[in-house]
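In this text, residue positions in the sequence shown follow the numbering used here: the first is 5, and each later residue adds one.
Working notes for the structure below.
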Amino acid sequence: MYNYIINTTKKYFKSICGFLCGLLNGLFGSGGGVVAVPMLRFMGLEPRKSHATSVAVIFFLSLLSVIAYGIRGSLDVKTALVYVPWGIIGAVCGALLLKKVPNTLLRRIFGAVVLISAVRILLL
5 MYNYIINTTK KYFKSICGFL CGLLNGLFGS GGGVVAVPML RFMGLEPRKS HATSVAVIFF
65 LSLLSVIAYG IRGSLDVKTA LVYVPWGIIG AVCGALLLKK VPNTLLRRIF GAVVLISAVR
125 ILLL
């Protein structure tokens, strides 16, 4: 009975967190990682795997968001394409650095980025 309750709770937790990731990603553009990383950590993944898995989750959510924005005519493809090459370079660098950054430092950097983002949003 105990295992059933734990497994059911985890299933609903995953569903709610998945919904929040998609909602934030749709509203703010890849903001779902703020929910995905802590959720994956809570579910037992180590920090590096949590960040890498979050990228995979956000990739699919971002793809669906792009389609939805494109259908509604809210997407400026020409402007977006200016950022894509540099974003690809940054993504490769980040993926390579993830292997080298200690878990403690990774958590602190992630926390700092979240805090800086929150302050920027609240004050600007």
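Positions of the beta carbon are idealized from the N, C-alpha and C atoms, including for glycine.
So, do the segment 48-68 and the segment 96-115 have three or more beta carbon pairs nearer to each other than 8 Å? yes
Quick check on this structure: which residue in 75, 104, 60 has the alpha carbon closest to the alpha carbon of residue 25? As a first step, residue 25 is located in the sequence shown; it is residue number 21 there, counting from the start. Comparing Cα-Cα distances from residue 25 to each of 75, 104, 60, the minimum goes to 60.
Pick helix, strand or coil for residue 47, following the three-state DSSP scheme. Sequence index remark: in the sequence shown, residue 47 carries index 43 (1-based). Three-state DSSP puts residue 47 in coil, outside helix and strand.
Three-state class that DSSP yields for residue 78 in the structure shown: In the sequence shown, the residue the question calls residue 78 occupies position 74. Coil at residue 78, not helix or strand.
For residue 70 and residue 79, what's the separation of their Cα atoms in angstroms? Here the question's residue 70 lines up with position 66 in the sequence shown. Here the question's residue 79 lines up with position 75 in the sequence shown. Their Cα atoms are separated by approximately 7 Å.
Would you kindly check if the distance between the Cβ of residue 36 and the Cβ of residue 28 is under 8 Å? On the sequence shown, position 24 is the one that residue 28 refers to. On the sequence shown, position 32 is the one that residue 36 refers to. Closer than 8 Å, so yes.
Residue 46 to residue 73 span [Cα, whole Å]: Mapped onto the sequence shown, residue 46 falls at position 42. Mapped onto the sequence shown, residue 73 falls at position 69. In a straight line, the C-alpha of residue 46 is about 32 Å away from that of residue 73.
Measure the alpha-carbon distance for residue 117 versus residue 107 and round it to whole angstroms. The residue given as residue 117 occupies position 113 in the sequence shown. The residue given as residue 107 occupies position 103 in the sequence shown. About 15 Å.
Please return the same chain residues whose Cβ sits closer than 7 Å to the Cβ of residue 41, not counting the five positions on each side in sequence. Sequence index remark: in the sequence shown, residue 41 carries index 37 (1-based). 54, 55, 58, 114.
Measuring straight from C-alpha to C-alpha, what distance separates residue 65 and residue 49? Numbered from 1 along the sequence shown, position 61 holds the residue referred to as residue 65. Numbered from 1 along the sequence shown, position 45 holds the residue referred to as residue 49. Straight-line Cα distance between these residues: approximately 20 Å.
If we count the other Cβ atoms within 10 Å of its Cβ and call it buried at 16 or more, is residue 10 buried or exposed? Reading the sequence shown from its first residue, position 6 is the one you call residue 10. Per the 10 Å Cβ criterion, exposed.
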